[in-house]
Every structure is written in C-alpha cells, then in structure tokens.
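Trainee: These protein sequence lines are chains Z and B, in that order. Just so you know, we're using the UniProt record's numbering here: the first sequence kicks off at 1 and counts up by one. Just so you know, we're using the UniProt record's numbering here: the second sequence kicks off at 1 and counts up by one. Quick one: the structure is below, and I'll ask about it shortly.
Protein chains: 2
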Amino acid sequence: MADDRLSVIFGALADPTRRAILARLAQGSASVNELAEPFAMTLPAVSKHLKVLERAGLISRGREAQWRPCKLEAEGLQEASEWVDRYRQFWESSYDKLDAHLKNLMKGT
Amino acid sequence: MADDRLSVIFGALADPTRRAILARLAQGSASVNELAEPFAMTLPAVSKHLKVLERAGLISRGREAQWRPCKLEAEGLQEASEWVDRYRQFWESSYDKLDAHLKNLMKGT
DNA sequence: GGTTTGTTTAACGTTCTGGTTAATTAGCTT
DNA sequence: AAGCTAATTAACCAGAACGTTAAACAAACC
C-alpha cells in the first residue's frame, strides 16, 4: 500500500477486524485485551491492527500503569469523510438514486 | 484483503492511482487509454486498477467498438460514505474540532 | 485477409499483509 | 527479588497486491 495519508487511512479501514475495533471504541476507550476479546486471533495480531489504526490517525494510545488504553481519534475519520464528500454531489444526483426513489414510490402504491 | 463489501471498497480507495482515476472520471467517462495517460505505468497495470474499482462498485465499464468506456458509479462511494458518516457525530463534537475552531477565532482577531 | 488500435490475460517477481509462536519489555504486587 | 498481568517485538510463513513483459483477444480499417 502507498504511504500517503489517504492511502494509509483507507488501507486501515479496509479490514473488518479494524472497523470492528473502531466501532467498539466509538462507545468509549478500551485496553488492548478488552479490544482483542471478541476476536478469534492472538493478541499480537490485534496489537498490529492497533498500530495500523494509530498510524492512520484513527486511534491514539495512552498509558495507564501496564494498560495501554486506546481511544478513537477524529482526525483520520475526518480526512476520509472529507475525501468521500467531494463525490457526494455526484451520487446524490445520480440516476441510481433517482431510480431507487422511483422504485420506492411504486412499491408504496 | 478481506472480501466483504466494505473492505473491498476501502481497499480500492487505498491507492493514489485509483483515487486519481476516480477524480478523472468525476469529470466524465473515459477510455482505458485516456485514463492511463497521466500515469507512469503500463496499460496492464491500469487495467488491473480498473478491475479493482469495478469490483468495488466504484466504476462500471461499457463497450463501444474497441473501446471500453469507464464511468463513475455511485454505489460504492455511497456505501463508503454511509459507513464513515456513522462516526460523523463523533468527530464533530471532538475536542480537535473545538480546538481548531478556537484557533480560527483567534487567528481572525 | 492482414494490419492497426484498444484492451485484457498469462506468467512472473518483489513487496506488503495478516496471521502465527516464542521471547521480551513494562509495571504492579507480594 | 520473584512473579503476575498487560502488551509489544522478533522471526517466520502463506497469500495477496502491484508492478513488469509478452502474448492473446476484439473490433475497426485498408
């Protein structure tokens, strides 16, 4: 994967485990063990995912005794959103959207 | 990369060449050769990128004589946007945002 | 039918990813 | 100091990603 900001961010989002970690962190900070718990993989694997997320600016890691609490970070998400949003006008006016809308109308009657 | 919808979409976006192709297609359909022109890579490489984008539902490809015109497709972009938007409330209320806002105010005076 | 133009497929090499196990670091507890 | 718990690092492996060149396919053109 290329190492420019957006590639790193989207690359980080391109994994279901990492997206699940973000979803979990949206409800509040958690330790590595807590984050790892739902997954059928070893701790080092999760640790690597966290490093990827951190590099992408999607999480940050603190330090509290021997725990390394992770929290969701706005920066990366915001950058991703800003990029995608540049295309919003495109799909909002697209035929697909119109088509879906029409189908919905017909289903309703 | 995992093969679930979102991973495929974000994976496709995690490459500057592919994002550049999407940016180009936002201004209208183009043939493979036209799309390849700005890049310092061979045609087969571009062809592969297009296949990735197609698989992600970010573009579609038609057929016109020996040309294979590509056009931007709303579907994939929309899905990406919907996912990211679930976190919008998060970063919009974040300290970072507030901080940036305050800095802006101070810069303005 | 042969050539030219546009594009894809095949085969291959290198680097990156995502996982493993084993060893290590860091900090608390006794 | 020894031992426990939390987490990371190191070394390794299989498979995927991204590029190459060479060959094949498709459709127009002479």
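Glycine residues also receive a C-beta, built at the ideal position from the N, C-alpha and C atoms. Just so it is clear, the structure is predicted and the values come from calculations on it, not from any experiment.
Mind checking the stretch 53-78 of chain B against chain Z and listing, in chain order, the residues whose C-beta falls within less than 7 Å of any C-beta there?
Mentor: L72, A74, E75, L77 and Q78
Trainee: Can you name, in chain order, every residue of its own chain whose Cβ lies under 7 Å from the Cβ of R18(Z), other than the five neighbours on each side?
Mentor: As a working mapping, residue 18(Z) is identified with position 18 in the first sequence. Contacts found: A12, H49, V52 and L53.
Trainee: To the nearest angstrom, how far is the alpha carbon of A40(B) from that of I59(Z)?
Mentor: On the second sequence, position 40 is the one that residue 40(B) refers to. On the first sequence, position 59 is the one that residue 59(Z) refers to. Approximately 34 Å, taken between the alpha carbons.
Trainee: What residues in the stretch 19-49 of chain Z bring their beta carbon closer than 9 Å to a beta carbon of chain B?
Mentor: Hits within the stretch, in order: R19, L22, A23 and A26.
Trainee: Enumerated in chain order, which unbroken segments of the beta strand (DSSP E) with a length of 3 residues or greater are wholly contained in the UniProt domain "HTH arsR-type" (1-109) of chain Z?
Mentor: 59-61 and 70-72
Trainee: Does the count of Cβ pairs from the stretch 78-87 of chain Z and the stretch 28-47 of chain Z closer than 8 Å reach three?
Mentor: no
Trainee: Could you tell me if Q66(Z) is buried or exposed, where buried requires 16 or more neighbouring beta carbons within 10 angstroms of its beta carbon?
Mentor: Your numbering for residue 66(Z) matches position 66 in the first sequence. Exposed: under 16 other Cβ atoms inside 10 Å.
Trainee: Is the beta carbon of A2(Z) sitting closer than 9 Å to the one on A14(B)?
Mentor: The count along the first sequence starts at 1 and reaches residue 2(Z) at position 2. The count along the second sequence starts at 1 and reaches residue 14(B) at position 14. Going by C-beta atoms, A2(Z) is nearer than 9 Å to A14(B).
Trainee: Rounding to the nearest angstrom, what Cα-Cα distance links Q27(Z) and E73(B) in this structure?
Mentor: Start at 1 with the first residue of the first sequence, and residue 27(Z) comes out as number 27. Start at 1 with the first residue of the second sequence, and residue 73(B) comes out as number 73. Near 33 Å, if we compare the C-alpha coordinates of E73(B) and Q27(Z).
Trainee: Measuring alpha carbon to alpha carbon, tell me which residue in E82(Z), E34(Z), A80(Z) and E79(Z) is nearest K71(Z).
Mentor: In the first sequence, the residue the question calls residue 71(Z) occupies position 71. Selected option, being the one with the closest Cα: E34(Z).
Trainee: In its own chain, which residues sit with a C-beta less than 8 Å from the C-beta of A80(Z), not counting the 5 before and 5 after it?
Mentor: On the first sequence, residue 80(Z) is found 80 positions in, with the first residue counted as 1. Answer for A80(Z): L6, I9, F10 and L13, listed in chain order.
Trainee: Could you check which residue in G76(Z), A20(Z) and V32(Z) has the C-alpha nearest to that of R63(Z)?
Mentor: The residue labelled residue 63(Z) in the question sits at position 63 within the first sequence. Cα-wise, what sits closest to R63(Z) is V32(Z).
Trainee: Between which residues of its own chain and residue 110(B) is the CB-CB distance below 6 Å, once the five residues before and five after are set aside?
Mentor: Here chain B covers residues 1 to 109 and nothing more, so residue 110(B) does not appear.
Trainee: Between S29(Z) and the rest of its own chain, which residues show a CB-CB distance below 7 Å, the 5 nearest in sequence each way excluded?
Mentor: Counted from its first residue, the first sequence places residue 29(Z) at position 29. Once the five neighbours on either side are set aside, the close Cβ partners of S29(Z) are P69, C70 and K71.
Trainee: Can you tell me the Cα-Cα spacing of V46(Z) and Q78(Z), whole angstroms?
Mentor: As a working mapping, residue 46(Z) is identified with position 46 in the first sequence. As a working mapping, residue 78(Z) is identified with position 78 in the first sequence. Roughly 24 Å separates the two Cα atoms.
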